[in-house]
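**Q**
In the numbering used here, the protein residues as written are 183 to 285.
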């Protein structure tokens, strides 16, 4: 008989909260340093903001609009705090969620 590992899953409400978290809020929680770019002029959406952020993995230039984000240097983007954590920190889905729930 093979022993089964117990899988601990995250609650639906936790995942929904993280998926709906504004990217700018998530960025502030994840980066060691984050600064808004006051010279940025949005082209498509007046609510877009550009941020300069640092993590242990390096420097990033991130555009945020609501839950959406885009890394202008890596030409990669996504939606929600979990995706952003995975991108900025280079961690798995589980580790990204733990990063927010451990607070």
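Glycine residues also receive a C-beta, built at the ideal position from the N, C-alpha and C atoms. Given the structure is predicted, the values throughout are model-derived calculations rather than measurements.
Whose C-alpha, out of 223, 204, 274 and 241, is nearest the C-alpha of residue 214?
**A** Checking every option, the nearest Cα to that of residue 214 belongs to 241.
**Q** Does the Cβ-Cβ distance between residue 239 and residue 270 come in under 8 Å?
**A** Against a cut-off of 8 Å, the Cβ pair of residue 270 and residue 239 comes out as a contact.
**Q** Is it true that the CB of residue 278 sits closer than 8 Å to the CB of residue 267?
**A** Contact flag set, yes.
**Q** Which residues in the same chain have their Cβ closer than 7 Å to the Cβ of residue 236, if we skip the five residues on either side of it in sequence?
**A** Same-chain partners within the cutoff: 213, 214 and 215.
**Q** Would residue 191 be called buried (16 or more neighbouring beta carbons within 10 Å of its own) or exposed?
**A** Residue 191 comes out exposed.
**Q** Between residue 200 and residue 282, what straight-line distance do the alpha-carbon atoms span, to the nearest angstrom?
**A** In a straight line, the C-alpha of residue 200 is about 8 Å away from that of residue 282.
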